[in-house]
Amino acid sequence: MYFPGVEAFLAIVRTESISKAAELLHLSQATVSYRLKTLEQEMGGLLVERRKGAAKIRLTPKGENFFSIAERWDALWRETQILQASGSQLSLAISAAESISHFVLPPVYSLLNQHTPPIRLQIRTQHTQEAFDSIERREMDVAFVVREIVSPSVTVKPFFSEEMVLLRLAGPGRQAGDTVEMGELAAEHEVFINWNREFQFRHDQWWDPLCPSRVHLDTAGLIATFLKDARQWTIVPASIGAHMMRIGDFVLQKLSAPVPPRICYKVTHKFPNQALHDTLRILDQYLQDIFGVQ
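Read the sequence shown against our numbering and you will find it ends at 1398, with the numbers running on by one and no gaps.
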């Protein structure tokens, strides 16, 4: 891929002008136009529409499809430059689901950040499918996800399991660790997060799916915003429950029916780059120290 052309294309998109792109890159307009034309020849079609008198450029359909690819090329090129400048410095690119990254992995992050020699860390929050795609494309080195996806090019191993607990505001008669009957919890007062398919299946057995809760969330970071009424309740992994106890007046309790534990998985490419061998070994040691992973 002709990187000067990619750089010129991205500058044109971001400034919406070839002349402004030239100013941004400290190049002449002719040079920017030449680089764009060379890239278009390589791509086999126009990426940018040229319209005389137009205040802003417009992308062709091919250019719109190429934009996200160009951004990835740009990110990889810059990482390559950093790697070349840093010599043999250790590095690790981690993709993680939001609830794992914020509530399970901080002790691991802390150890990696304090490691000697230093490890250059890149941490990206992604949903499970995005994480698997990133590992398959080798954009990320390791991913931590909340469900398995079958793929011939990746290895998936459980690294952590935690119980699911009932989280409510603290109040009279509510003791931590007490067992609560399912029938005591009204569906209309639930702050609902779908943790995984197994949880959804059991949930629909206990509470009528045709009587949904009023609040549905896809991020644990908003629980404290909505859990304001003594009647409200939510079911969360223990790591999130412990965090909520630290930041607010909440109580953790057990449910009368068994709730499937949440299993978190580590995902790596089946054939990781040789340069990652040492860093992945360090990561595995920290995972074993904290979670007992073999």
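Ideal placement from N, C-alpha and C gives every residue a C-beta, glycine not left out.
Just so it is clear, the structure is predicted and the values come from calculations on it, not from any experiment.
Closest by C-alpha distance to residue i, when choosing among the options
i	options	result
residue 1377	1178, 1163, 1115 and 1195	1195
residue 1198	1354, 1152 and 1237	1237
residue 1232	1178, 1369 and 1318	1369
residue 1301	1119, 1106, 1128 and 1251	1251
residue 1174	1117, 1371 and 1333	1117
residue 1228	1249, 1215 and 1211	1249
residue 1281	1291, 1290 and 1267	1267
residue 1202	1193, 1235 and 1185	1235
residue 1355	1304, 1271, 1390 and 1299	1271
residue 1142	1162, 1111 and 1124	1111
residue 1107	1120, 1147 and 1124	1147
residue 1332	1134, 1274 and 1367	1274
residue 1258	1269, 1264 and 1241	1241
residue 1168	1149, 1261 and 1214	1149
residue 1255	1151, 1289 and 1373	1373
Sheet register partners of residue i (DSSP bridge)
i	result
residue 1266	1366
residue 1152	1163
residue 1302	DSSP output for residue 1302 lists no bridge partner at all.
residue 1373	1258
residue 1247	1199 and 1371
residue 1337	1294
residue 1283	1358
residue 1391	According to DSSP, which records beta bridges pairwise, residue 1391 is partnered with nothing at all.
Burial state of residue i (16 or more Cβ within 10 Å)
i	result
residue 1326	exposed
residue 1353	exposed
residue 1286	exposed
residue 1393	exposed
residue 1324	buried
residue 1245	buried
residue 1200	buried
residue 1126	buried
residue 1239	buried
residue 1269	buried
Alpha helix (DSSP H) segment containing residue i, residue limits
i	result
residue 1198	Residue 1198 -> not in any alpha helix (DSSP H); beta strand (DSSP E) instead, spanning 1194 to 1200.
residue 1329	1327 to 1330
residue 1359	Taken as a continuous stretch (DSSP letters only), residue 1359 belongs to no alpha helix (DSSP H), being part of the beta strand (DSSP E) at 1354 to 1359.
residue 1121	Note, residue 1121: premise wrong, no alpha helix (DSSP H); not H, not E.
residue 1239	1232 to 1240
residue 1342	1342 to 1351
residue 1132	Where residue 1132 is concerned, there is no enclosing alpha helix (DSSP H), given that its DSSP letter is neither H nor E.
residue 1210	1210 to 1218
Boundaries (first-last residue) of the beta strand (DSSP E) holding residue i
i	result
residue 1225	1223 to 1229
residue 1319	1319 to 1321
Beta carbon proximity, residue i to chain B, threshold 9 Å
i	result
residue 1136	The question asks about chain B, but that chain is absent: this structure has only one protein chain.
For the 8 Å Cβ check, are there 3 or more pairs between the segment 1304 to 1311 and the segment 1375 to 1394? No, because fewer than three Cβ pairs between the segment 1304 to 1311 and the segment 1375 to 1394 fall closer than 8 Å, the two stretches do not touch.
Is it true that the segment 1332 to 1343 meets the segment 1198 to 1209, where meeting means three or more beta-carbon pairs spaced less than 8 Å apart? Output reads yes: the segment 1198 to 1209 touches the segment 1332 to 1343.
Any chance the segment 1211 to 1223 sits against the segment 1361 to 1372, with 3 or more Cβ pairs inside 8 Å? No, they do not touch.
Tell me whether the segment 1328 to 1340 and the segment 1293 to 1307 touch, counting them as touching only if at least three CB pairs, one residue from each stretch, are closer than 8 Å. Touching, yes, given that three or more Cβ pairs across the two stretches are closer than 8 Å.
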